[in-house]
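One structure below.
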Amino acid sequence: MAFPFLFIALSFTSGIFLSSFLSIPLPMLLILLFISLLSAWAHLISLRKAKSALVFLLTSTFLLGASLYTHSNNTYKKNPLCSFKEESYVDIKGILYKSPSFSVDRDFLYVKTKEISYGNKTEKIKGNVQISLPKSQYSEILHKLLVHDQVEISAKLSDSPGFRNFGYSRSNTYLKFRKIHKTGFSKSPLLVNKTASGSEFSLIRIFSRLRQKLQKKIDGSFPGENQGEVSPSGAVLEALLLGERGRMSESITRSLQDSGLYHLFAISGAHIAIISFLIFSFLKVLKMPERTSYIILLFILVFYAMLVEGRPSIIRAAVMTMTFLIGKLIWKDTNLLNTLSLSAFVLLLFNPFHLFSLGFQMTFAATLSIILFFPLIVRYMPKLPLNISDILVLSFTAQLGILPITAYAFNRIAFAPLILNLIALPLISLIMATGYLFVPIAFISSVIARFPVRLLDLLITVLINISDFASNIDFLSYRIPTPHILTVSGYYLFLLAFLAPKKIKRQKILVSALFFFFFITLITHPFPSRSKHLRMTVMDVGNGDSILIEFPGNKKMLIDGGGSAFGGYDIGERVVSPVLWNKGIKKIDYLVLTHSHPDHLYGLFSVVENFRIKEFWESISPPEDKAYRAFKNSLSPKTIKKELFRGTSLQIGKANVKILYPEKPENPPVLVHNNQSLVMMIRFRGASFLLTGDAEYQAEQDILSCYHDIKCQVLKCPHHGSGSSSTESFIKAVSPEIVVISVGRDNLYGLPDRDVIRRYEKIGSEIYRTDLHGAVEIIFDGENISAHTAVNDRKTDYLK
Amino acid sequence: MSGETRKENLSVTLAKNKQVGSLLKILELMFFPSFCKLCGKLLDREGEKVVCTSCLKELKSRRSSYCLCCGSFFETYGDPHLCYKCMKKKPVFSLHRSCSVYSGKLKDLILLFKYQKFKVLAKELAAYMYRSLVQDEALWWDLEAVIPVPLHKARKRQRGFNQSYELARYIADFKGLELLDKALIKKFNVPPQTSLSAEERKINNRGAYEVVDPWKIKGKILLLVDDVYTTGATVSECSAVLLKSGAREVRVVTLAQAS
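Chains R and E supply the protein sequences, listed in that same order. Numbered according to our numbering, the first sequence spans residues 1 to 800. Numbered according to our numbering, the second sequence spans residues 1001 to 1259.
Written out as structure tokens, the structure reads:
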């Protein structure tokens, strides 16, 4: 058998996978494991039945996987930090278990806690916390910290961070996989206090220090605009050499993701291949005997894996390369499928949660696909110079393996790398080779280092430009709604069916046809997103508004896109777009901007990039406002732009949309104001939804003076529940059965106003808040209204 | 009592070692499942590398008659005698022997060894060589040192090893003879003999070899080792150089002779 580890890894993986949703108690699994091992042994030794022994052995690895997952999961869940609840700031004493990491807008500390003090209490709690700190002029403090340092930090510990929209639990698996029990936030690096340094003689610290020095050298040679910052080329170089991707700016990251080159920036198999190639060529030039260079390469790879703080992809590649080299040294063959399975087994043995991490899935899908299909396809390729055929087939087969994963996890279909890799792979090799040459030179003399710096700057600029160019070609790279799990399964099933031995007539044609069907389904997502009912989803976008209306039929309306005034986290890309994609939405029929404040507008930039917009609605916006103008320019010329004011009434299917506010002003305004908010009423079969934007007192009174009957079943509470809106007279006139307040958790403004809550309670409205309930979905089926919340997945019915 | 315990302990250790050995074998099979490069069989026996033991067992030495001097094989069986060529003109070396003809499994193995760079096969091939020729008194009588046909530096770097040296090393080891690996060198790189015709081969090598340490070979009976004997041009040239530098006699062994 050429690949025994394949079966071991498969049974082990299925053990982990099954136990992740069938929770079987650990003692039972262990007993079964013991029995299974015993039977395997008995069959092998005394009964001499090799086949049944093998079956029992594979059962054992299956049970081992299940036990390991259950054990790890129990230990994770039992950690006292997971159940720790304290709303205010706490003092943490602990040790850094990893060196700090730095991104564009935030820095992260990883602390193994020893003691947590809050109020007057001090508790001994052991667990891992990830604490994020915003960038500030004091960020330099964090650069002086290293793994194993003892620290004291004041921080606020919170539950799963981010935004609780439907299906949000995904982020939790990420924390689990990284063994982080709690996340936290600290306002300033000044709240971090180093109490003692770690021992200088630990290997991990030595590597961490080396890494930090390298990073400093790069920072110094590629200075950014401000003190302590790194230039865009420098950030790209850091990503390539050290795997520090967080420092690349959002726009470069986006461009690389769009062109599909981003994966080359993950320290990955490609890196190991490039490095091995560079070292091997270098040793060859030095006339080193072949077998000696294998040994040298082996040591360098171990060193490198430690330096870049191994991700799944790098461990996978390192294990595979090292097994290959050892095999060469002891004159044995290495089967690629076997070593791939071996590396999966090793990774999962250390951390079974790896199985659910995207990095793991991507690297194994890509490599497996290359191993299985490369030899089949490369035969049919013409011989082209410079290994062009090989690179093409390599990119193609790798893409074949990860296409469903990128579609599922990133809602992206990218064909660009197929062609782009031809230029990008050699270019990146060249950048890396120059980079590794530059590093020692930079340590010797910064003057001599200027030459490689120039060269690197040039090469990286070329790379970025190529990426930018490719990312703008729509059909080479585009976004797509989340594919159905059946599409993904069908795709993989029939991809693997190509390898099945021929059993039936015309098998090849049949398999090809079915595969092609699933492939096309995957890349086009031809399913219309239809809704029988009227649905309103108020998303959890933190501070801000973003509301999706699904009209009966297939028309969709998105009102505002959330957004953060401080930049950094792209809510449009990471929160709003995924919600739409998960609903299978490709185009937005009506994109409505109530008013151009950052918490309503900024998220729309990405929405406009990711979706086809048919009509854009607005009422009053100051034409001189910078952000607003940038947004208007980013709209496609094909989008119909409408300015709507009071009195407009539109029919969308069987529903009616009526604009209640504002009136057309005589002069365009200069400043953005809440009272410019577009207010509209949606009516369908006798139920009314009132959407108010950030309307305040003045707007409410104006509406009351014009309309007598504004009674509604559902109201989107004006201005995030602020005290200057939801005046008593207005509420009384509307008297909603359900009111939804879109408001950020723990916001600095103290919203929603307590008095406002009381006002709604007084008239007997049911109150839903995104800060407490996460996203809220209101469904009107023509007769009854029901409300559905993302937190706790609660559903409540209301009779109309 | 103590003696018995020691014996017991020893046997226990041995048994354990055997288990350890088989455990290692199982691990090796799991990590590096390898197959015979000739017949494709799984290499599951102890010590098997690159090719399986049954393929190695298929190596047989040629039983037919041969020329007493140049060692070329005759079609017939019977007592060895001089061939027509040697009767007319004796070769430079005093005698040559090879194990078999250059074909079948032996050829495959030599190709694996030389061109696929499986240096590890040297031991098996040398053992086969020794096995086949150990009975030939004329070859070993009074022999003093073993000397491989040298390879040019550049070629050696390319291949990583000198195939003749690897064979010579083991032969010297088996027989307890001195190995002279640096006495004879190849000064310049000429096209490989395999690419040339018989006539060209003779000219091709002329002057390519040189003895660097003549005192090492002075007055000695030498055994020159090469992998394949085709027209004898290479070994003739080497022999001539060696004799000119003071060697008393040169005998030649090769793995196979091509007809």
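Using N, Cα and C, we set each Cβ at its ideal position, and we do this for glycine too. Note that the coordinates shown come from a computational prediction; the quantities given were computed from them, not determined experimentally.
Hey, how far is the Cα of K1007 (chain E) from the Cα of T367 (chain R)?
Low local confidence applies: a pLDDT of 46 at K1007 (chain E) is under 50, so the model's placement there is unreliable, with the coordinate-based value given in what follows. Looking at the two C-alpha atoms, the distance is approximately 54 angstroms.
In or out: N338 (chain R) buried (at least 16 other Cβ within 10 Å) or exposed?
Its Cβ being crowded by 16 or more others within 10 Å, N338 (chain R) is buried.
CB contact below 8 angstroms: E609 (chain R) versus chain E:
Closer than 8 angstroms: no.
Which residues in chain R sit within 8 angstroms of V949 (chain E), going by Cβ to Cβ distance?
Outside the modelled stretch of chain E, which goes from 1001 to 1259, sits residue 949 (chain E), for which no answer is possible.
Counting only beta-carbon separations shorter than 8 angstroms, does M1001 (chain E) have a partner in chain R?
Because the pLDDT of M1001 (chain E) is 39, which lies under 50, any placement of that residue in the model is unreliable, and the question is left without a value.
Measuring CB to CB, does I444 (chain R) end up less than 8 angstroms from P452 (chain R)?
No, they are not a contact pair.
Answer yes or no: does any C-beta atom of chain E fall closer than 8 angstroms to that of W331 (chain R)?
Yes - at least one Cβ of chain E is within 8 angstroms of the one on W331 (chain R).
Say whether chain E places a C-beta atom closer than 8 angstroms to the C-beta of A2 (chain R).
So yes, A2 (chain R) belongs to the interface.
Can you grab the Cα-Cα spacing for the pair K1037 (chain E) / P4 (chain R), in whole Å?
Looking at the two C-alpha atoms, the distance is approximately 19 angstroms.
Segments assigned alpha helix (DSSP H), at least 4 residues, entirely inside the stretch 385-468 of chain R:
Whole alpha helix (DSSP H) segments, 4+ residues: 388-410 and 416-444.
Measure the C-alpha to C-alpha separation of V285 (chain R) and F415 (chain R) and round it to an integer number of angstroms.
Here the C-alpha atom of V285 (chain R) lies approximately 37 angstroms from the C-alpha atom of F415 (chain R).
Is the CB-CB distance between V592 (chain R) and L635 (chain R) below 8 angstroms?
Against a cut-off of 8 angstroms, the Cβ pair of L635 (chain R) and V592 (chain R) comes out as no contact.
8 angstroms CB neighbourhood of L418 (chain R) in its chain, flanking five on each side removed:
Closer than 8 angstroms at the Cβ level, and outside the excluded window around L418 (chain R), lie L392, S395, F396 and Q399.
So within the stretch 621-665 of chain R, which uninterrupted alpha helix (DSSP H) runs reach at least 4 residues, ignoring any that extend past its ends?
Segments of the alpha helix (DSSP H) lying fully in the stretch 621-665 of chain R: 626-634.
Could you work out which residue in E:T1053, E:C1070, E:R1169 and E:S1100 is closest to S1236 (chain E) when comparing CA atoms only?
Of E:T1053, E:C1070, E:R1169 and E:S1100, the residue nearest in Cα terms is E:C1070.
Here's the rule: buried if 16 or more other CB atoms are within 10 angstroms of the residue's CB, otherwise exposed. What is A50 (chain R)?
A50 (chain R) should be labelled exposed.
Stretch-stretch touch, CB-based, cutoff 8 angstroms, three pairs: the stretch 203-213 of chain R with the stretch 133-153 of chain R
Touching, yes.
If contact means a Cβ-Cβ distance below 7 angstroms, which residues of the stretch 1030-1044 of chain E contact chain R?
Of all residues in the stretch 1030-1044 of chain E, M1030, F1031, F1032, P1033, S1034 and F1035 have a Cβ within less than 7 angstroms of some Cβ in chain R.
If we require 4 or more residues per run, which alpha helix (DSSP H) segments fall completely within the stretch 1056-1093 of chain E?
Whole alpha helix (DSSP H) segments, 4+ residues: 1084-1088.
Following the continuous beta strand (DSSP E) through E1210 (chain E), name the residue where it begins and the one where it ends.
Start and end: Y1209 to V1211.
Hey, A1145 (chain E) and K1220 (chain E): beta-carbon distance below 8 angstroms or not?
Result yes, Cβ atoms of A1145 (chain E) and K1220 (chain E) sit closer than 8 angstroms.
Interface flag, P223 (chain R) vs chain E, CB-CB below 8 angstroms:
Taking Cβ atoms only, chain E never reaches closer than 8 angstroms to P223 (chain R), which makes this a no.
Kindly indicate which three-state DSSP category G184 (chain R) falls into: helix, strand or coil?
Looking at G184 (chain R) - three-state DSSP - the assignment turns out to be strand.
M320 (chain R) classed as buried or exposed, judged by whether at least 16 other C-beta atoms fall within 10 angstroms
Flag for M320 (chain R) reads buried.
Counted within 10 angstroms of its Cβ, other Cβ atoms place L1082 (chain E) as buried (16 or more) or exposed
Around the beta carbon of L1082 (chain E), a 10 Å sphere encloses fewer than 16 other beta carbons of the protein chains shown; the residue is thus reported as exposed.
Output yes if chain E places a C-beta closer than 8 angstroms to the C-beta of K182 (chain R); else output no.
K182 (chain R) does not count as touching chain E.
Which residues in chain E sit within 7 angstroms of T334 (chain R), going by Cβ to Cβ distance?
Here the neighbours are F1032.
Going along the stretch 1148-1178 of chain E in order, which residues come within less than 7 angstroms of chain R, judged by CB to CB distance?
The residues in question are R1157 and G1160.
Exposed unless 16 or more other CB atoms sit within 10 angstroms - verdict on M1 (chain R):
So M1 (chain R) ends up on the exposed side.
Compare the Cα-Cα distances from N226 (chain R) to each of R:T482, R:V104 and R:S357 and report the closest residue.
With distances taken between Cα atoms, N226 (chain R) lies closest to R:V104.
Quick one: what's got a C-beta closer than 7 angstroms to L510 (chain R)'s C-beta in the same chain, skipping five residues either side?
Once the five neighbours on either side are set aside, L510 (chain R) has no close Cβ partner at all.
Are A775 (chain R) and M539 (chain R) close, meaning C-beta to C-beta below 8 angstroms?
The beta carbons of A775 (chain R) and M539 (chain R) sit closer together than 8 angstroms.
For D755 (chain R) and I682 (chain R), I'd like the C-alpha separation in whole angstroms.
Cα to Cα, the separation comes out at about 27 angstroms.
C-beta contact flag for D545 (chain R) and S742 (chain R) at 8 angstroms
With contacts defined as CB atoms closer than 8 angstroms, D545 (chain R) and S742 (chain R) qualify as a contacting pair.
For P382 (chain R), which residues in the same chain have their Cβ closer than 7 angstroms to its Cβ, ignoring the five residues on either side in sequence?
Within the same chain, P382 (chain R) has close Cβ partners S389.
Can a CB atom of chain E be found closer than 8 angstroms to the CB of T397 (chain R)?
No, T397 (chain R) does not count as interfacial toward chain E.
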